[in-house]
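> Below you will find the structure I want to go over with you.
Number of protein chains: 2
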Amino acid sequence: MSAAPESSAAPSPTGSVYAPTERTVPTRSKERAAYDRSLVHAILDEAYVCHLGFVRDGTPVVLPTLYGRVGERLYVHGSTGSRPLRMAGQHDPGLPVCLTVTHVDGLVLARSAFHHSINYRSVVVHGVAHQVTDPEEKRRALDALVDHVVPGRTADSRPANAKELAATAVLALDLAEVSAKVRTGGPNDEPEDLDLPHWAGVVPLTRGHGPLVPADDLAEGIEVPAYLREL
Amino acid sequence: MSAAPESSAAPSPTGSVYAPTERTVPTRSKERAAYDRSLVHAILDEAYVCHLGFVRDGTPVVLPTLYGRVGERLYVHGSTGSRPLRMAGQHDPGLPVCLTVTHVDGLVLARSAFHHSINYRSVVVHGVAHQVTDPEEKRRALDALVDHVVPGRTADSRPANAKELAATAVLALDLAEVSAKVRTGGPNDEPEDLDLPHWAGVVPLTRGHGPLVPADDLAEGIEVPAYLREL
């Protein structure tokens, strides 16, 4: 595996938006596309899993996986034996990937079947993923992955030891060719359909947390930490 | 575009499980893989969007999209001008895709950073998608897409007219090469970590609906239908 030279330090933002490319300009619903860094970061930071796409033997593979963000770089991790991690290690100069994150915010019910839709926010990142070989960057990436699940958790867990670090491969993907897509608001029915006798509007979808479930073998006297009580 | 001959009728199940293939047997966490049709159907029916992967100019593309299921066949739709739909029309004998659906059910906090995880249920479908050309199947597919968003909604909306049907392309993907992956339960910490002073357990994630938002232009006197009140 040969990591690209730029893989050891996260790139600096060069503006408030990502430059659109042929791949990141949609062929339709262009008005829903956005390139603002702050919007992209917010969508990425709110989700728990991404869907990582890569090509294996000429056919596509899409796998859900955890991820973390450090500035303008995303990290995914896996066993050193897992397919995309192995493939990235075998590829020079890296593994072409597409990493997509989606929030479904609401169900849009129109009078016409044709105009049914969903409200959503998504981010699509195109790029080439590289295995992280620098030990310091690898540790920062794994911290980011844990803190992405629950902010503040890295500081309240036992850090990875040498054996665990060796068993874990990390891929880095720079945020360079990136777009967001957002749909909000109500249904867009045809004018001639507005008087049809069908309810129309939006069913908002919500997300939340249920009561914490302590591990069966949790030692006595360990209280729920503040960062969990605040969730 | 040339649809495969078998594309006009959904295949019949040939057993209670999908036969594993080289692509659907994971390289790790094999104990989480499952092939039961009923489990796969349940995971598919509960989600609103899938992530559809395909290969364009040799690189992967992963897009979120609505879908519907009729028996052992999935449908996705889009404008006849959208990329995957256009590509499937240009491909003979179809467009190789990977369609993935994921539910994130909980955050798994272990004493060690290494053993942090999520509880999830996912389905990965590999196959070749074909454009649906049979008008009757196309209409059934679009009904399934709308009823997937809200069961019973097709019967309470204005059906697509000829112009709308012509503007919509539908892809069919048979459930043949399919696997589910499920993680449940608490953290799997190392025995020597059990007495560390870190809270460990699961943060269950919940989904729900907020109050309905009627369309701004909803005609007076239209009540919320029963199938929405029951959500």
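So the sequence lines, in the order shown, correspond to chains A and B.
Every number in our numbering is 1 more than the matching position in the first sequence, counting from 1.
Every number in our numbering is 1 more than the matching position in the second sequence, counting from 1.
Every residue, glycine too, gets a C-beta built ideally from N, C-alpha and C.
State buried or exposed for B:PRO6, treating a residue as buried only when at least 16 other CB atoms are found within 10 Å of its CB.
Within the second sequence, numbered from 1, the residue matching residue 6 of chain B stands at position 5. Per-residue confidence for B:PRO6 stands at a pLDDT of 35, beneath the threshold of 50, marking its modelled position as unreliable; the derived number appears in the next sentence. So B:PRO6 ends up on the exposed side.
> Taking the alpha carbon of B:GLU23 as the point to measure from, which residue in A:ARG84, A:PRO136, A:ALA35, A:HIS78 has its own alpha carbon closest?
By one-based count along the second sequence, residue 23 of chain B stands at place 22. B:GLU23 has its Cα closest to that of A:ARG84, out of A:ARG84, A:PRO136, A:ALA35, A:HIS78.
> Thinking B:TYR49 and A:ILE119 are a contact (beta carbons under 8 Å), I'd like their distance in whole angstroms, please.
Along the second sequence, one-based indexing puts residue 49 of chain B at 48. Along the first sequence, one-based indexing puts residue 119 of chain A at 118. That belief holds up - the Cβ atoms of B:TYR49 and A:ILE119 are roughly 6 Å apart, short of 8 Å.
> Determine whether the Cβ of B:SER180 lies closer than 8 Å to any Cβ atom of chain A.
The sequence position of residue 180 of chain B within the second sequence is 179, counting from 1. No, no contact with chain A.
> Between the segment 111-128 of chain B and the segment 148-166 of chain A, do at least 3 Cβ pairs fall closer than 8 Å?
yes
> Which two residues bound the contiguous alpha helix (DSSP H) that contains B:SER39?
Walking along the second sequence from the start, residue 39 of chain B turns up at place 38. For B:SER39, the enclosing alpha helix (DSSP H) starts and ends at 38-47.
> Any chance you could list the beta strand (DSSP E) runs of at least 3 consecutive residues sitting entirely within the segment 112-190 of chain A, in chain order?
118-132, 169-175, 178-184
> Answer yes or no: do B:THR185 and B:LEU143 have a C-beta to C-beta separation smaller than 8 Å?
The count along the second sequence starts at 1 and reaches residue 185 of chain B at position 184. The count along the second sequence starts at 1 and reaches residue 143 of chain B at position 142. Against a cut-off of 8 Å, the Cβ pair of B:LEU143 and B:THR185 comes out as no contact.
> Determine, for A:THR28, whether the minimum Cβ-Cβ distance to residues of chain B falls below 8 Å.
Locating residue 28 of chain A in the first sequence gives position 27, counting from the first residue. For A:THR28, the answer is yes, since a Cβ of chain B falls inside 8 Å of its Cβ.
> Just mark B:ASP217 as buried or exposed, buried being the case when its beta carbon has 16 or more other beta carbons within 10 Å.
Counting from one through the second sequence, the residue named residue 217 of chain B turns up at place 216. B:ASP217 comes out exposed.
> How about A:PRO6: is its C-beta nearer than 8 Å to some C-beta of chain B?
Here residue 6 of chain A is taken as the residue at index 5 of the first sequence, counted from 1. Annotation note: pLDDT 35 at A:PRO6 (below 50); position unreliable, no value reported.
> Report buried or exposed for A:ALA43, applying the criterion of at least 16 other Cβ atoms within 10 angstroms of its Cβ.
Counting from 1 along the first sequence, the entry for residue 43 of chain A is found at position 42. Flag for A:ALA43 reads exposed.
> In angstroms, rounded to a whole number, what distance separates the CA positions of A:GLY107 and B:VAL151?
If you number the first sequence from 1, residue 107 of chain A lands on position 106. If you number the second sequence from 1, residue 151 of chain B lands on position 150. So the alpha carbons of these two residues sit roughly 11 Å apart.
> How big is the Cα-Cα spacing for A:HIS104 and A:CYS51?
Position 103 of the first sequence holds residue 104 of chain A. Position 50 of the first sequence holds residue 51 of chain A. So the two alpha carbons sit approximately 10 Å from each other.
> What is the C-beta distance between A:VAL98 and A:ALA130, in whole angstroms, given that I count them as a contact (C-beta under 8 Å)?
Working through the first sequence from its first residue, we reach residue 98 of chain A at position 97. Working through the first sequence from its first residue, we reach residue 130 of chain A at position 129. The pair is a contact, with the Cβ atoms about 5 Å apart (cut-off 8 Å).
> For A:LYS139, is the classification buried or exposed, using 16 other Cβ atoms within 10 angstroms of its Cβ as the cut-off for buried?
One-based indexing of the first sequence puts residue 139 of chain A at position 138. Label assigned to A:LYS139: buried.
> Any C-beta of chain A sitting closer than 8 Å to the C-beta of B:GLY82?
Stepping through the second sequence from its first residue, residue 82 of chain B is reached at position 81. With 8 Å as the cut-off, B:GLY82 counts as an interface residue toward chain A.
> Does any residue of chain A bring its CB to less than 8 Å from the CB of B:TYR49?
Residue 49 of chain B sits at position 48 when you count from the first residue of the second sequence. B:TYR49 counts as touching chain A.
> Kindly indicate if chain E contains any beta-carbon less than 8 Å away from that of A:TYR76.
Absent from the structure: chain E. Protein chains present are A and B.
> Which same chain residues end up closer than 6 Å to B:ARG86 when comparing Cβ atoms and leaving out the 5 residues on each side of it in sequence?
Taking the first residue of the second sequence as 1, we reach residue 86 of chain B at position 85. Residue identity check: residue 86 of chain B is Leu in the sequence provided, not Arg. The answer, listed in chain order, is GLY79, ALA170.
> Does the beta carbon of A:ASP217 come closer than 8 Å to any beta carbon on chain B?
Numbered from 1 along the first sequence, position 216 holds the residue referred to as residue 217 of chain A. So, interface residue.
> Residues in the same chain with beta-carbon distance under 7 Å from B:ASP175, minus the five sequence neighbours each way, listed in chain order, please.
As a position in the second sequence, residue 175 of chain B is number 174, starting the count at 1. Cβ within range, chain order: PRO12, GLU73, ARG74, GLY128.
> Taking the runs of the alpha helix (DSSP H) that are 4 residues or longer, which of them lie wholly in the segment 69-112 of chain B?
As for any alpha helix (DSSP H) of minimum length 4 sitting wholly inside the segment 69-112 of chain B, the runs are 84-91, ordered along the chain.
> With 8 Å set as the bound, which would you pick, yes or no: does the beta-carbon of A:MET2 sit closer than that to a beta-carbon of chain B?
On the first sequence, position 1 is the one that residue 2 of chain A refers to. Since pLDDT at A:MET2 reaches only 32, below the 50 mark, its modelled position is unreliable, and no value is offered.
> Can you pull the DSSP bridge partners for A:ALA35?
On the first sequence, residue 35 of chain A is found 34 positions in, with the first residue counted as 1. A:ALA181.
> Near B:HIS36, what residues of its chain come up, given a Cβ to Cβ distance below 8 Å and the 5 sequence neighbours on each side ignored?
Counting from one through the second sequence, the residue named residue 36 of chain B turns up at place 35. In the sequence as presented, His is not what sits at residue 36 of chain B; that position holds Tyr. VAL18, TYR19, ALA20, PRO21, THR25, VAL179, SER180, ALA181.
> Name, please, each residue of chain B whose Cβ falls closer than 9 Å to the Cβ of A:PRO136.
As a position in the first sequence, residue 136 of chain A is number 135, starting the count at 1. Per Cβ cutoff of 9 Å: no residues; A:PRO136 is ~15 Å from chain B at best.
> In or out: B:VAL203 buried (at least 16 other Cβ within 10 Å) or exposed?
Sequence index remark: in the second sequence, residue 203 of chain B carries index 202 (1-based). B:VAL203 should be labelled buried.
> Comparing the C-beta of A:GLY187 with each C-beta of chain B, is any distance below 8 Å?
Here residue 187 of chain A is taken as the residue at index 186 of the first sequence, counted from 1. Chain B contact via Cβ: present.
> Pick helix, strand or coil for B:LEU213, following the three-state DSSP scheme.
Along the second sequence, one-based indexing puts residue 213 of chain B at 212. In the structure shown, B:LEU213 sits in coil (DSSP, three-state: anything other than H, G, I, E or B).
> Could you list which residues in chain A have their beta carbon closer than 9 Å to that of B:ALA156, in chain order?
For this step, residue 156 of chain B is matched to residue 155 along the second sequence. None at all; the shortest Cβ gap to chain A is about 10 Å.
> Can you tell me whether DSSP reads B:PRO226 as helix, strand or coil?
Taking the second sequence and counting its residues from 1, the one referred to as residue 226 of chain B is at position 225. DSSP places B:PRO226 in coil when its eight states are reduced to three.
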